[in-house]
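K.L.:
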Amino acid sequence: MTENRATPASGSIMVVGGGISGLTTALEAAEVGYEVFVVEKNPYLGGRVAQLNQYFPKLCPPTCGLEINFRRIKDNPKIKYFTLAEVENVSGGPGAYEVTVRLNPRYVNENCTCCGDCADACQAEIPNEFNFGMDRSKGAYLPFEMAFPSRYVLSPQIIGTEDAKRCQEACKYAAVDLEMTSKTLTLSVGAIVWATGWEPYDAAKIDNLGYGRYANIITNMMLERLASPNGPTKGKILRPSDDAEPKSVAFVQCAGSRDENHLPYCSYICCMASLKHATYIRERYPDAKIFIFYIDLRAPGYRYEKFYKKIKEDKNVFFIKGKVAEVQQAADNHQITVVAENAVTGEKIRQTVDLVVLATGMQPTAAINRPPVSDLCYTEDGFIVNDFEKGGMFGAGCANKPADVVSSNQNATGMALKAIQTLVKR
Amino acid sequence: MADKYLVEPDVGFIKELGVLGGDSLKKCFQCATCSVVCPISPDTKPFPRKEMIAASWGLKDKLIGNGDIWLCHNCGDCSTKCPRGAKPGDVLSAIRMYAIGHYGGFPKLGALINDPKKLPVVAAIPAVLFLVIGMILKMFGIDWLNFSPERVYTSAADVEGHIAHAQFFSTWLVDLIFVPLSIWVVAVFALGLKRFVADIHANALAEKKTDKQNIDPKEFVQALIRVIPTILKHKKFSECTENDERATPHMMVFFSFIGLAIVTGIFFVVLYVFGIHGPYSQINPVKILANVSGIALILGGLLMIKNRLDKKEEQQTTYKDWFLIGLVLGLGVTGMLAQLTRLADAAFLTYLIYYIHLMFVFVLFMFLPFSKLAHLVYRTVAMAYNEYAGRK
């Protein structure tokens, strides 16, 4: 005798944010039978993970994992996703929310085959945000090669210009639709998971570390783009001032993290990220010297500890306990000298290098753009504090705490369950 | 790093630093930002990161005999940039105050000026002492403290006459009190400095900050002379970025003290060598110097208060700081008011204010080796040592 014990799948779940956490929550909930709406503000899904070159500690490309998730989304009729979409208003309570979502125009419809003719026709160039402005893309562009949905976008900046017309004329498939306008739609959902993710902390605010003043000081996320095969340098790590191959690189840990003047908390991932970045550089430049300046190196757990130990064996990687607090640029060759006190020897160290990477931390997106709802609770720093008693709305992934991809996914899976519980309790 | 070092924390010392304004020290997590952002910290064994860990471990001996704490001019750049709010600037200031107490000796006297509740006792010492000495002298027929002072007539034409403070509180009485007091101050400093120099030298050798094995007195004095321009010009202060506005009021107070010391010296000679009694003419150049110094002292004191109040968040101001600023300002204000009320011919008022002024001067002198003002001696000597030892 079999008994149908499946929970009646009633009510839907909204996931705000289509990064790795949002995708996980959406898939976990949808794959047990719930209807899920994913609302993503970018023209593509995948979020920050899509910008990474490799995951730590396995050093595999994230696109591989993303592809699997995209496949699952495509195959699952329970998931509806909206890109270029933002939540405008939320009313109601747990079990019965009315959410107004604004859909911004993409100016490209589903006919798009990604042939790229529109981009060829477009003359205007815009800063490429996906690559942190290190290169420029055409006004009609595909956010990145693996973008999902794989469809071009027209930047609002070229709308109304001759370029827009040129794009439309160039398209053989009538995919460019300049008449598109922004639309709002209202969705009824029982639970909302906020997976709004994080922003790299604005390094220009750390005035003693020279970012924005000196070209050869970049951030860790910029290095990810430089190392990525689909990045601005096609995977070559070159120093910005003259595109030379760096012979020495300094990593400045806790750049803005664990600092009351910036982000008072540990961003959790930056130590592992810099250790991973050391492998990027060592792989490309076998003679390059790497200097990692840290307060404490945090490689939590067995697998991360093992990764750290492996990097430590490398004769060309030097670890210096002491935070960089001053930088100088050489006038002639744009080399950067970082200054720290080695707290083990008690001597100041002035290390001159070709490239400096600031290991900037993560700031929750909600700290900069608060979700338009009143009944979410935040920490002082803008992370969402989950109230499981009340239920209905939850923060997942890095909207909830600074975390790596693994922890984000675990957390996001848990939040899928919490969202389902909200629906079932009703 | 191979040598074993047994840490013996002095918990009482840590607590005492907290009272002196260093209660933030436990927040330090040794990132060493402070040593790098400090504009005057050297490259070898820079401060104040090492002082911060020694302080939180309660290593009193490593700190009070460490000349580096005196090289710090409390710019405040370290406290501003500190990621934890551990305020190294305030901690070093507290360590210096502790060191002053340590080298000053006479812990009971030192304790009097670090406790606001004891302020009435501090004020009572000169008030009572002046009266008692005055009364005792009266018993022997010496009328140096005269409660119904007569007016002074400079010439036959001077019919009305004028007030002279010496008629009330004789210069003989003043000097009977202040000359021995000055000798006592010098003696206390001499005893303190003997231990101080030995300790900072031992510390410099232990921390390999110097190659000099012994201290050569002649060379040391030469080094002292070499650092004087740096001190006069407040060169170290002007290297500060965060607190650079502090240099001006400090300079005003500093030079007014020098000015007033010169005035006192000249008038001492004028009185005892040439036998000319005050009050002196308002247009006498020495008198002008006295007045300019007095005004600078008052303005400098007021500016110091303003800066401290503006910087409440960034910099702790504890009783030790208010005591000294209060003393400086009180000294200037009572001195100036005593003169103005004298010129205005307000007899009772001017004698009263003059009496209070003498109390301020007495407290300044008597507690000089124990108050924050002692930094003028210890910092100067530490800077001279630093110059002599060629601190790397």
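So the protein sequences, as listed, match chains U and C. The opening residue of the first sequence carries number 1 in the working numbering; numbering runs sequentially from there. The opening residue of the second sequence carries number 1001 in the working numbering; numbering runs sequentially from there. Cβ coordinates follow ideal geometry from the N, Cα and C atoms, glycine included.
Between which two residues does the beta strand (DSSP E) carrying Q329/U extend?
P.N.:
For the purposes of this step, residue 329/U is taken as the residue at position 329 of the first sequence. 326–329 is the extent of the beta strand (DSSP E) around Q329/U.
K.L.:
Within 8 Å of any Cβ in chain A, is that where the Cβ of A227/U sits?
P.N.:
Among the protein chains of the structure shown, namely U and C, there is no chain A.
K.L.:
Could you round the C-beta distance between F1237/C and F1365/C to whole angstroms and report it? I think they count as a contact, below 8 Å.
P.N.:
Taking the second sequence and counting its residues from 1, one reaches residue 1237/C at position 237. Taking the second sequence and counting its residues from 1, one reaches residue 1365/C at position 365. Not really, about 26 Å apart at Cβ, beyond 8 Å.
K.L.:
Under the DSSP definition of a beta bridge, which residues are partnered with H1162/C?
P.N.:
As a first step, residue 1162/C is located in the second sequence; it is residue number 162 there, counting from the start. According to DSSP, H1162/C bridges with V1152/C.
K.L.:
Just to make sure I have the definition right: I need the residues of chain C whose C-beta is within less than 9 Å of the C-beta of A255/U. Which are they?
P.N.:
For the purposes of this step, residue 255/U is taken as residue 255 along the first sequence, with counting starting at 1. The premise fails here: A255/U is roughly 11 Å from chain C at the closest Cβ pair, so nothing lies under 9 Å.
K.L.:
Since I126/U is in the beta strand (DSSP E), which residue starts that stretch and which ends it?
P.N.:
Here residue 126/U refers to the residue found at position 126 of the first sequence. 125–127 is the span of the beta strand (DSSP E), which, as asked, contains I126/U.
K.L.:
When we look at the beta-carbon of T1334/C and count the other beta-carbons within 10 Å, is it buried (16 or more) or exposed?
P.N.:
What you label residue 1334/C is simply residue 334 of the second sequence in a count that begins at 1. Buried, by the Cβ-count rule.
K.L.:
Taking a contact to mean a Cβ-Cβ separation below 8 Å, would you say R106/U touches L142/U in this structure?
P.N.:
Indexing the first sequence from 1 puts residue 106/U at position 106. Indexing the first sequence from 1 puts residue 142/U at position 142. Here R106/U is not near L142/U, since their CB atoms are 8 Å or more apart.
K.L.:
Considering only C-alpha positions, which residue in the set L209/U, V87/U, K289/U, Y304/U is nearest to D486/U?
P.N.:
Only positions 1 to 426 of chain U appear in the structure, and residue 486/U is not among them; the question remains open.
K.L.:
Just curious, the beta strand (DSSP E) that P200/U is in, first and last residue?
P.N.:
Locating residue 200/U in the first sequence gives position 200, counting from the first residue. 198–200 is the extent of the beta strand (DSSP E) around P200/U.
K.L.:
Which residues does DSSP pair with L1145/C in a beta bridge?
P.N.:
Numbered from 1 along the second sequence, position 145 holds the residue referred to as residue 1145/C. L1145/C is bridged to F1169/C.
K.L.:
Quick check on N4/U: does DSSP put it in helix, strand or coil?
P.N.:
Translated into positions along the first sequence, residue 4/U becomes position 4. Only weak support is given to the placement of N4/U: the predicted model assigns it a pLDDT of 49, under 50, and the value that follows is read from those uncertain coordinates. Under the three-state reduction of DSSP, N4/U is assigned to coil, being neither helix nor strand.
K.L.:
Determine whether the Cβ of G1335/C lies closer than 8 Å to any Cβ atom of chain U.
P.N.:
As a first step, residue 1335/C must be located in the second sequence, where it is residue number 335. By this cut-off, G1335/C is not an interface position.
K.L.:
Quick check on F1013/C: buried or exposed, where buried means 16 or more other Cβ atoms within 10 Å of its Cβ?
P.N.:
Taking the second sequence and counting its residues from 1, the one referred to as residue 1013/C is at position 13. F1013/C should be labelled buried.
K.L.:
Using the C-alpha atoms, what's the distance from L1071/C back to P127/U?
P.N.:
Along the first sequence, read from residue 1 onward, the residue named residue 127/U stands at position 127. Along the second sequence, read from residue 1 onward, the residue named residue 1071/C stands at position 71. Those two C-alpha atoms are separated by around 50 Å.
K.L.:
With DSSP collapsed to three states, give me the class of C167/U.
P.N.:
If you number the first sequence from 1, residue 167/U lands on position 167. Looking at C167/U - three-state DSSP - the assignment turns out to be helix.
K.L.:
Taking Cβ positions, are Y152/U and V108/U nearer each other than 8 Å?
P.N.:
Taking the first sequence and counting its residues from 1, one reaches residue 152/U at position 152. Taking the first sequence and counting its residues from 1, one reaches residue 108/U at position 108. Yes, they are a contact pair.
K.L.:
Could you check how far apart the C-beta atoms of Q51/U and E224/U are, in whole angstroms? I think they sit under 8 Å.
P.N.:
Translated into positions along the first sequence, residue 51/U becomes position 51. Translated into positions along the first sequence, residue 224/U becomes position 224. The Cβ separation is near 6 Å, so the contact holds.
K.L.:
Should F1029/C be flagged as near chain U, meaning a C-beta pair shorter than 8 Å?
P.N.:
Taking the second sequence and counting its residues from 1, one reaches residue 1029/C at position 29. Answer yes: the Cβ-Cβ gap between F1029/C and chain U drops below 8 Å somewhere.
K.L.:
Taking the continuous beta strand (DSSP E) assigned at A340/U, which residues delimit it?
P.N.:
In the first sequence, the residue the question calls residue 340/U occupies position 340. Per DSSP, A340/U belongs to the beta strand (DSSP E) from 336–342.
K.L.:
Using the beta-carbon of each residue, which ones in chain U are nearer than 9 Å to P1046/C?
P.N.:
Sequence index remark: in the second sequence, residue 1046/C carries index 46 (1-based). By Cβ distance, chain U contributes E341, G346, E347, K348.
K.L.:
With the cut-off set at 8 Å, would you say E190/U and G95/U are in Cβ contact?
P.N.:
Reading the first sequence from its first residue, position 190 is the one you call residue 190/U. Reading the first sequence from its first residue, position 95 is the one you call residue 95/U. It should be noted that the sequence gives Gly, not Glu, for residue 190/U. Yes, the Cβ-Cβ distance between G190/U and G95/U is below 8 Å.
K.L.:
Applying the criterion that 16 or more other CB atoms from any shown protein chain within 10 Å of the CB defines a buried residue, is K1372/C buried or exposed?
P.N.:
Here residue 1372/C refers to the residue found at position 372 when the second sequence is read from its first residue. By the neighbour-count rule (16 or more Cβ atoms within 10 Å), K1372/C is buried.
K.L.:
Around the Cβ of A1389/C, are there at least 16 other Cβ atoms within 10 angstroms (buried) or fewer (exposed)?
P.N.:
Locating residue 1389/C in the second sequence gives position 389, counting from the first residue. Classification of A1389/C: buried, given that the 10 Å Cβ count is 16 or more.
K.L.:
Measure the Cβ-Cβ separation of E86/U and A1032/C and say whether it is below 8 Å.
P.N.:
Taking the first sequence and counting its residues from 1, the one referred to as residue 86/U is at position 86. Taking the second sequence and counting its residues from 1, the one referred to as residue 1032/C is at position 32. Cβ atoms of E86/U and A1032/C: not closer than 8 Å.
K.L.:
Under 8 Å Cβ to Cβ from I1228/C, same chain only, skipping five residues before and after it: list those, please.
P.N.:
Sequence index remark: in the second sequence, residue 1228/C carries index 228 (1-based). None.
K.L.:
Label R258/U either buried or exposed according to how many other C-beta atoms from any shown protein chain fall within 10 Å of its C-beta, with 16 as the threshold for buried.
P.N.:
What you label residue 258/U is simply residue 258 of the first sequence in a count that begins at 1. R258/U is buried by the Cβ-count criterion.
K.L.:
Would you report the Cα separation of A1166/C and A1261/C, rounded to the nearest angstrom?
P.N.:
Here residue 1166/C corresponds to residue number 166 of the second sequence, with the count starting at 1. Here residue 1261/C corresponds to residue number 261 of the second sequence, with the count starting at 1. So the alpha carbons of these two residues sit roughly 19 Å apart.
K.L.:
What separation, rounded to the nearest whole angstrom, lies between the Cα atoms of K78/U and Y34/U?
P.N.:
Residue 78/U sits at position 78 when you count from the first residue of the first sequence. Residue 34/U sits at position 34 when you count from the first residue of the first sequence. Looking at the two C-alpha atoms, the distance is approximately 7 Å.
K.L.:
Interface residues of chain U around V1037/C at Cβ under 8 Å?
P.N.:
The residue given as residue 1037/C occupies position 37 in the second sequence. Within 8 Å Cβ-Cβ: N208, A325, E326.
K.L.:
In terms of DSSP beta bridges, what is C377/U paired with?
P.N.:
Taking the first residue of the first sequence as position 1, residue 377/U is located at position 377. Answer is V385/U, bridged to C377/U.
K.L.:
Taking only runs of the beta strand (DSSP E) that begin and end inside the region 220–269 of chain U, which ones reach a length of at least 3 residues, in chain order?
P.N.:
Qualifying beta strand (DSSP E) stretches, in chain order: 248–255.
K.L.:
Spatial neighbours of G11/U within its chain, please: C-beta separation below 6 Å, excluding the five flanking residues on both sides.
P.N.:
Working through the first sequence from its first residue, we reach residue 11/U at position 11. Excluding sequence neighbours, G11/U sits near G190, L423.
K.L.:
Answer with yes or no whether the minimum CB distance from K1312/C to chain U is below 8 Å.
P.N.:
What you label residue 1312/C is simply residue 312 of the second sequence in a count that begins at 1. For K1312/C, the answer is no, since every Cβ of chain U falls outside 8 Å of its Cβ.
K.L.:
Please check if any C-beta of chain U sits within less than 8 Å of the C-beta of N1062/C.
P.N.:
Position 62 of the second sequence, counted from the first residue, corresponds to residue 1062/C. Correcting the residue identity first, residue 1062/C is Lys in this sequence and not Asn. So no, K1062/C is outside the interface.
K.L.:
On the three-pair Cβ rule with 8 Å, is the region 193–206 of chain U touching the region 389–402 of chain U?
P.N.:
yes
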